[in-house]
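Right, dumping it as structure tokens:
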């Protein structure tokens with residue numbers, strides 16, 4: 689993402705990353721972005737080239753994260769999930785995990801913990817199948833990292849809708865809690881704000897906890913993919929091990 693300054697104003701220019709070439713449905717992203725902009729959650733596109741993956745929007749200045757950020761994020765996700773809109777594509781966390789494992793099948797330098805992780809993820813899938821816990825899918829952002837949540841004086845903007853689609857609402861909720869590092873009080877504030885506007889209830893504690901573990905597992909595998917592609921081994925292997933430890937710590941305390 690680049691910030692451009694021109695006579696007609698400031699703009700955000702998104703150029704596709706090499707590693708995402710061919711893996712993102714840009715037409716689907718564009719459709720979802722238009723819907724999200726209509727809801728007042730996304731910056732409207734000024735120019736889109738779906739074939740090249742180029743996106744241009746007006747730029748906004750991101751402020752220091754305010755104390756009420758958890759509530760603002762909860763309201764934004766509640767509005768998105770409860771909108772009744774239908775996004776293009778589907779984000780299935782378990783299928784995402786399985787696809788990442790397939791990507792790493794020929795990579796030798798994998799932590800021993802992955803065997804335990806694999807068994808845990810399969811157990812989660814079986815528990816949900818037996819319990820009939822299939823969620824009602826909602827339009828989801830898919831990548832609620834801090835860099836994609838811009839705070840301005842009058843509103844919160846969500847950018848980078850590359851991974852958006854219909855998904856389990858627990859995905860956006862769990863990912864937001866983890867990536868923003870919410871403590872228990874902030875998590876309560878976040879979920880209360882979400883509950884105040886979302887059509888459907890907040891996912892049960894057990895399902896949200898499982899989704900947190902799935903999010904951490906997927907983040908760990910992403911880091912291992914970076915190692916496999918030749919990027920900084922110490923940095924990304926360390927990141928993966930921290931995420932794996934969180935999964936197992938959560939399992940122990942549950």
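Numbering (the working numbering), first residue to last: 689 to 942.
The beta carbon of each residue, even a glycine, is placed where N, CA and C say it ideally should be.
As the structure is a prediction and not an experimental result, all values here were calculated from the model.
Proximity below 9 Å, CB of residue i to CB of residue j
| i | j | result |
| --- | --- | --- |
| residue 730 | residue 692 | no |
| residue 720 | residue 775 | yes |
| residue 636 | residue 853 | There is no way to answer for residue 636, as the model of the chain reaches only from 689 to 942. |
| residue 769 | residue 848 | no |
| residue 916 | residue 756 | no |
| residue 801 | residue 936 | yes |
| residue 939 | residue 786 | no |
Nonlocal neighbours in the same chain, by C-beta distance under 6 Å from residue i, ignoring five residues either side
| i | result |
| --- | --- |
| residue 788 | 909 |
| residue 883 | 890 |
| residue 690 | 701 |
| residue 712 | 850 |
| residue 877 | 758, 759 |
| residue 765 | 860, 882 |
| residue 810 | none |
| residue 698 | 747 |
| residue 879 | 890 |
| residue 874 | 758 |
| residue 738 | 714, 715, 718 |
| residue 892 | none |
Cβ-Cβ separation, residue j to residue i (assumed contact under 8 Å), whole Å
| i | j | result |
| --- | --- | --- |
| residue 932 | residue 805 | 6 Å |
| residue 812 | residue 934 | Not confirmed; about 15 Å, so no contact. |
| residue 905 | residue 924 | Not a contact, Cβ separation roughly 15 Å. |
| residue 885 | residue 767 | 6 Å |
Proximity winner among the options, relative to residue i (alpha-carbon distances)
| i | options | result |
| --- | --- | --- |
| residue 763 | 915, 861, 812, 912 | 861 |
| residue 857 | 690, 772, 701, 742 | 772 |
| residue 758 | 833, 937, 891 | 833 |
| residue 825 | 783, 859, 920, 724 | 859 |
| residue 740 | 725, 715, 887 | 715 |
| residue 718 | 767, 736, 703 | 736 |
| residue 914 | 744, 784, 791, 733 | 791 |
| residue 815 | 899, 724, 875, 904 | 899 |
| residue 742 | 808, 704, 724 | 704 |
| residue 855 | 829, 879, 734, 873 | 829 |
| residue 745 | 886, 752, 722 | 722 |
| residue 864 | 907, 823, 822, 885 | 907 |
| residue 781 | 823, 733, 738 | 823 |
| residue 835 | 922, 750, 732, 874 | 750 |
| residue 831 | 779, 793, 874, 695 | 779 |
Same chain only: Cβ atoms within 7 Å of residue i, ignoring 5 sequence neighbours per side
| i | result |
| --- | --- |
| residue 799 | 928, 929, 932 |
| residue 896 | 858, 861, 862 |
| residue 921 | 915 |
| residue 732 | 725, 745 |
| residue 837 | 761, 844, 846 |
Cβ neighbours of residue i in the same chain (closer than 8 Å, five flanking residues each side left out)
| i | result |
| --- | --- |
| residue 754 | 760, 839 |
| residue 784 | 906 |
ask   = Pairing CB atoms from the segment 858-870 with CB atoms from the segment 842-850, are three or more of them under 8 Å?
value = The segment 858-870 makes no contact with the segment 842-850: fewer than 3 CB pairs, one atom from each, lie closer than 8 Å.
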